[in-house]
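Everything below concerns the one structure shown next.
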Amino acid sequence: MFLASQGGGRKGDLSRFIEEAVRAHILELSAEQAKTANANLSEAEIAGAIDEALDWTNKR
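For the sequence shown, full-length UniProt numbering begins at 1 and goes up steadily by one.
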């Protein structure tokens, strides 16, 4: 493992590294799920959904 081979790491470095890796993996999985769920939508439908979400957010 990269961190272990570097030596001299501070306490908590490994847990922060693992937490960051898990977050990146979850983001990757979420992106794949979104792509799969929206595969049957046209670009215009996706753009419309994004615009609707942005309008909703801006009103809050």
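Yeah, the Cβ is synthetic: ideal placement off N, Cα and C, and Gly gets one too.
query: Under 8 angstroms between C-beta atoms of Asn38 and Ile50; result: no
query: For Gly12 and Ala53, the rounded distance between their alpha carbons; result: 38 angstroms
query: Inter-residue spacing [alpha-carbon to alpha-carbon] between Phe17 and Leu29; result: 18 angstroms
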